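Peer 1: Pasting a structure below so you can have a look.
Residue numbers (our numbering), protein chains in the order written: chain A, 1 to 291; chain B, 1001 to 1291.
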C-alpha cells in the first residue's frame, strides 16, 4: 500500500492506493493551520500500513536536496505554513520514504502517466483556481531546474478594458493577480460561478489565459496542455481559449487541432492525488533498488 | 574527423573538429541564397574525410522525424531558404549521418558541455542579434517538445516611453520586434554600436531583456543564463540586466548571485559551432552503437 497527499491551499486530500494506481481509500478535509491539519493527516496514514508517501503541495517549496530547508513549504501567504517542514514531519511520524513536489507537478505527473503519455513525451498542466500554477513534463520527466517553476506569476499585457488593479501579494497584476478566481470576484463583484456565460468577464479571462498559454508554448513547446482548477469548470472557457490561442499563433506556429491540444483533465479531480501516488511508487521502487 | 555547421541569418560557419572538441579548421562566409551558399559548404566538407555532420541552423525548422519535411528550414523570411531541405541536401552530398537543430540549441549545447555543465543540469542560452532566439538544456538534455521553442517571440509589457512600433514581421512588437539589433537601429536612427553607454537606448533594452529573462526563469527555472549575440557585446548591458532581474524577482524568487547567474558565453563566438560539433559526435556514436 502507498500513501498520497494533495495539499492544496483550501483542502487536503489524503489517499491510500496500490502501485498500479488504484485508489483504495480517500479522505478530504479543509486546510487549516498545520497544528490542526497535520494530526488528521498522520492519523489517516497511521491507520494503514504504507510503504512510501508522495506529497504534492501548495508552495513555494524548497526542493533542493542539499539545502537545510529541503522539504519545507517556504514563503506562502497562507497563515501558519511559512517554513513548515513537511517532509521531515511526515518521515518522523510515519517512518517511510517521502517524495515531495508541487501540487501542479503532481497533477501534471498524474495526467501524463494515465492520459497524455500515450505517444507523447511532454505536457503541461495549469490550474486556474484560488491561485494559478503550472507544472510540466519534458522528455518524460517532471521539469525542475534551479527550483520548481512559478508559471502563475508571469506578466502579461493588460486587457485594454481592464480597470482592476490585480490582487497578487507579490506582483499585483501578474497572471495570477489578474486571472485567478479571486480576481474574477474582486473585479466583477461576484464569484465566477455567479456570472452568466455571456458576461464580459469570460472574454477577458480567456484573453489572459490564452496569452499565458502562448508564453508557455513559445518557451516550452509542450505536446499537450491540460487546464484544471475551479475556474476551468466553466467549460465554455475552452472554446474561447482555443480561438484566442489560434489567433495568437496563426501564421507563425503550427499547432495541433485545438480541441485535442488544450483539454480538461482526464482524471477530473484526481490528477494531483494520482500523481502523488505515483511519486510514492517511484520513491519506493528507488529505495528497493538501492538495497 | 567530424563536421559542424553554424548556419546563421548573416553568416555560415563551417568547421572540422575532433570527437573531444578540438576545432581543426574553420571557414566563415556570408549567408546568401542557398544556390550560392550550399555549394561552398559542400566543397569545404568534401575536402575532408568526415564521419558525421552536426548542423545548428537559423529557423524555424522542422525537427519532427516523422514529418515529410523533417530537416527543412520552414517559414523563414530569409529569401530563398523557405522550405530548404537542409538535412536531405547534406546527406545526398556527403553521405554521412547528419544531426540537425536550431542555432540556439547548438549554442546552448556547446555552452552546457564545455562550461555551464560543471555541477548543473540545466541552462538557457539567449542570443540578441539581428534576431532573438533562445535554447535550453533541461535535466542534461536539449529542450524539445512539439517542436523547438521560439522564445524570441514572447510578448512583453511595453516600456512606457517606447514609441517604436516594433519590426517583427509576424508579431510586430514581440521581444524580437522590440529588442533585437534592428529594433535599436530603427528606434534610435543609428546602430547600437553608434550609441554611447549613457544613451537611454540601453535602459530600455535592459528593461525588455530583463522582462524576458524573468518569463524564462518563472517557466523553466534554468540554473544558469548565458547571453550572447551582437547586441550583448555591449558589456555594460550585463549590470543593467542584473539590476532589473533582481528588482523583478525581489521578495519572491531566490536566485543565485546575478554575476554568476546571467553571464556572457564562455566559448565566446564558438558556442554554436562547438555545440554542432558535439551533435555530430553524438549522432556518430549513436550509429556506431546500432551496428
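Even for Gly, the Cβ is constructed at its ideal location relative to N, Cα and C. Given the structure is predicted, the values throughout are model-derived calculations rather than measurements.
(1) For chain A, check one thing: does any of its Cβ atoms lie closer than 8 angstroms to the Cβ of residue 1053/B?
(2) Can you check whether the CB of residue 1179/B is closer than 8 angstroms to the CB of residue 1209/B?
(3) With a threshold of 16 other CB atoms inside 10 Å of the CB of residue 13/A, please say whether the residue is buried or exposed.
(4) Taking CB distances under 8 angstroms as the criterion, tell me whether residue 211/A reaches chain B.
(5) Beta-carbon of residue 1148/B versus every beta-carbon of chain A: anything under 8 angstroms?
(6) Could you list which residues in chain A have their beta carbon closer than 7 angstroms to that of residue 1151/B, in chain order?
(7) I need the straight-line Cα distance from residue 1309/B to residue 193/A, nearest angstrom please.
(8) So residue 1215/B contacts chain A; which residues on that side make the cut at Cβ distance below 8 angstroms?
(9) From what residue to what residue does the alpha helix (DSSP H) around residue 103/A run?
(10) For a quick check, are the C-beta atoms of residue 252/A and residue 1170/B less than 8 angstroms apart?
(11) Just verifying my parser: in three-state terms, what is the DSSP assignment at residue 1074/B?
(12) Among the candidates 1104/B, 1248/B and 1031/B, whose CA atom is the shortest distance from the CA of residue 1060/B?
(13) Using CA coordinates, which residue listed in 1187/B, 1052/B and 1018/B is at the minimum distance from residue 1092/B?
(14) Hey, out of 223/A, 50/A, 167/A and 237/A, whose CA is closest to residue 200/A's CA?
(15) Report buried or exposed for residue 18/A, applying the criterion of at least 16 other Cβ atoms within 10 angstroms of its Cβ.
(16) On the criterion of 16 or more Cβ atoms from any shown chain inside 10 Å, does residue 1101/B qualify as buried, or is it exposed?
(17) Can you check which of these residues, 1152/B, 1177/B, 1080/B and 1154/B, is closest to residue 1163/B by C-alpha distance?
(18) Output the distance between the C-alpha atoms of residue 1027/B and residue 1186/B, rounded to the nearest integer angstrom.
(19) Which residue wins for smallest C-alpha separation from residue 1244/B, given the options 1145/B, 1146/B and 1202/B?
(20) Using CA atoms only, rank isn't needed, just tell me which of 1222/B, 1288/B and 1234/B is closest to residue 1116/B.
(21) On the premise that residue 1154/B lies in contact with residue 1184/B, defined as a C-beta separation below 8 angstroms, what is that separation, rounded to the nearest angstrom?
(22) Between the region 1079-1086 of chain B and the region 1123-1140 of chain B, do at least 3 Cβ pairs fall closer than 8 angstroms?
(23) I want to verify the contact list: residues of chain A whose CB lies under 7 angstroms from the CB of residue 1223/B, in sequence order.
(24) For the region 1238-1265 of chain B, list every residue whose C-beta sits within 9 angstroms of some C-beta in chain A, in sequence order.
(25) Looking at residue 25/A and residue 16/A, is the spacing between their C-beta atoms short of 8 angstroms?
(26) Going by DSSP, what residue range makes up the alpha helix (DSSP H) through residue 200/A?
(27) Which chain B residues sit within Cβ distance under 7 angstroms of residue 122/A?
(28) Going by alpha carbons, who is nearest to residue 30/A out of 158/A, 23/A, 43/A and 7/A?
(29) Using the Cα positions of residue 21/A and residue 35/A, report the straight-line distance between them to the nearest angstrom.
(30) Name, in chain order, the residues that DSSP records as bridge partners for residue 298/A.
(31) When you compare each of 107/A, 273/A, 111/A and 146/A to residue 1119/B by their alpha carbons, which one comes out closest?
(32) Candidates 258/A, 74/A and 54/A: which alpha carbon is nearest residue 62/A's?
(33) Mind reading off the beta-carbon distance from residue 138/A to residue 1138/B? Whole number of angstroms is fine, and I expect it under 8 angstroms.
(34) Is residue 1208/B close to chain A? Criterion is C-beta to C-beta, closer than 8 angstroms.
(35) Taking just the CA atoms, how far does residue 211/A sit from residue 235/A?
(36) Could you compute how far the alpha carbon of residue 32/A sits from the alpha carbon of residue 111/A?
Peer 2: Working from what's here:
(1) The residue you call residue 1053/B lines up with position 53 of the second chain. No, because no Cβ of chain A sits closer than 8 angstroms to the Cβ of residue 1053/B.
(2) As a first step, residue 1209/B must be located in the second chain, where it is residue number 209. As a first step, residue 1179/B must be located in the second chain, where it is residue number 179. Yes, Cβ-Cβ distance for residue 1209/B and residue 1179/B is below 8 angstroms.
(3) In the first chain, residue 13/A corresponds to position 13, counting from 1. Burial call: buried.
(4) Taking the first residue of the first chain as 1, we reach residue 211/A at position 211. Closer than 8 angstroms to some Cβ of chain B, the Cβ of residue 211/A qualifies, so yes.
(5) As a first step, residue 1148/B must be located in the second chain, where it is residue number 148. Output row for residue 1148/B: interface = yes.
(6) Within the second chain, numbered from 1, the residue matching residue 1151/B stands at position 151. Think of a sphere of 7 angstroms around the beta carbon of residue 1151/B: the chain A residues whose beta carbon falls inside it are 218 and 219, in chain order.
(7) What the structure shows of chain B is the stretch from 1001 to 1291, and residue 1309/B is not part of that stretch, so it cannot be assessed.
(8) By one-based count along the second chain, residue 1215/B stands at place 215. Chain A residues near residue 1215/B: 154, 155, 215 and 219.
(9) Counting from one through the first chain, the residue named residue 103/A turns up at place 103. Residues 103-111.
(10) Position 252 of the first chain, counted from the first residue, corresponds to residue 252/A. Position 170 of the second chain, counted from the first residue, corresponds to residue 1170/B. Going by C-beta atoms, residue 252/A is nearer than 8 angstroms to residue 1170/B.
(11) In the second chain, residue 1074/B corresponds to position 74, counting from 1. Residue 1074/B falls in the coil class under three-state DSSP.
(12) Here residue 1060/B is taken as the residue at index 60 of the second chain, counted from 1. Of the candidates 1104/B, 1248/B and 1031/B, the one whose C-alpha sits nearest the C-alpha of residue 1060/B is 1104/B.
(13) The count along the second chain starts at 1 and reaches residue 1092/B at position 92. Taking only the C-alpha atoms, the option nearest residue 1092/B is 1052/B.
(14) Numbered from 1 along the first chain, position 200 holds the residue referred to as residue 200/A. Considering only alpha carbons, the answer is 237/A.
(15) Start at 1 with the first residue of the first chain, and residue 18/A comes out as number 18. It is exposed - the Cβ of residue 18/A has fewer than 16 other Cβ atoms within 10 Å.
(16) In the second chain, counting from the first residue as 1, residue 1101/B sits at position 101. Classification of residue 1101/B: buried, given that the 10 Å Cβ count is 16 or more.
(17) Numbered from its first residue, the second chain carries residue 1163/B at position 163. Comparing Cα-Cα distances from residue 1163/B to each of 1152/B, 1177/B, 1080/B and 1154/B, the minimum goes to 1177/B.
(18) What you label residue 1027/B is simply residue 27 of the second chain in a count that begins at 1. What you label residue 1186/B is simply residue 186 of the second chain in a count that begins at 1. Cα-Cα distance, rounded: 31 angstroms.
(19) Taking the first residue of the second chain as position 1, residue 1244/B is located at position 244. Of the candidates 1145/B, 1146/B and 1202/B, the one whose C-alpha sits nearest the C-alpha of residue 1244/B is 1202/B.
(20) On the second chain, position 116 is the one that residue 1116/B refers to. When each option's Cα is compared against that of residue 1116/B, the closest is 1222/B.
(21) As a working note, residue 1184/B is residue 184 in the second chain. As a working note, residue 1154/B is residue 154 in the second chain. Not a contact, Cβ separation roughly 18 angstroms.
(22) no
(23) Here residue 1223/B corresponds to residue number 223 of the second chain, with the count starting at 1. 145 and 146, listed in chain order.
(24) 1248, 1251, 1252, 1253, 1254, 1255, 1256 and 1261
(25) For the purposes of this step, residue 16/A is identified with residue 16 of the first chain, where counting begins at 1. For the purposes of this step, residue 25/A is identified with residue 25 of the first chain, where counting begins at 1. At the C-beta level, residue 16/A and residue 25/A come within 8 angstroms of one another.
(26) As a first step, residue 200/A is located in the first chain; it is residue number 200 there, counting from the start. Residue 200/A -> alpha helix (DSSP H) spans 200-220.
(27) Reading the first chain from its first residue, position 122 is the one you call residue 122/A. By Cβ distance, chain B contributes 1145.
(28) Translated into the one-based positions of the first chain, residue 30/A becomes position 30. It is 7/A.
(29) Taking the first residue of the first chain as position 1, residue 21/A is located at position 21. Taking the first residue of the first chain as position 1, residue 35/A is located at position 35. Those two C-alpha atoms are separated by around 30 angstroms.
(30) One cannot answer for residue 298/A here, as it falls past the ends of chain A, which runs 1 to 291.
(31) Locating residue 1119/B in the second chain gives position 119, counting from the first residue. Just measuring C-alpha positions, the residue of 107/A, 273/A, 111/A and 146/A sitting nearest residue 1119/B is 146/A.
(32) Walking along the first chain from the start, residue 62/A turns up at place 62. Among 258/A, 74/A and 54/A, the Cα nearest to that of residue 62/A belongs to 74/A.
(33) As a position in the first chain, residue 138/A is number 138, starting the count at 1. As a position in the second chain, residue 1138/B is number 138, starting the count at 1. Between residue 1138/B and residue 138/A the Cβ distance is about 5 angstroms, and since that is below 8 angstroms, they are a contact.
(34) By one-based count along the second chain, residue 1208/B stands at place 208. Chain A, which has no Cβ nearer than 8 angstroms to the Cβ of residue 1208/B, makes this no.
(35) Here residue 235/A is taken as the residue at index 235 of the first chain, counted from 1. Here residue 211/A is taken as the residue at index 211 of the first chain, counted from 1. Between residue 235/A and residue 211/A, the C-alpha separation is close to 18 angstroms.
(36) Taking the first chain and counting its residues from 1, the one referred to as residue 32/A is at position 32. Taking the first chain and counting its residues from 1, the one referred to as residue 111/A is at position 111. If you take the alpha carbons of residue 32/A and residue 111/A, they lie about 28 angstroms apart.
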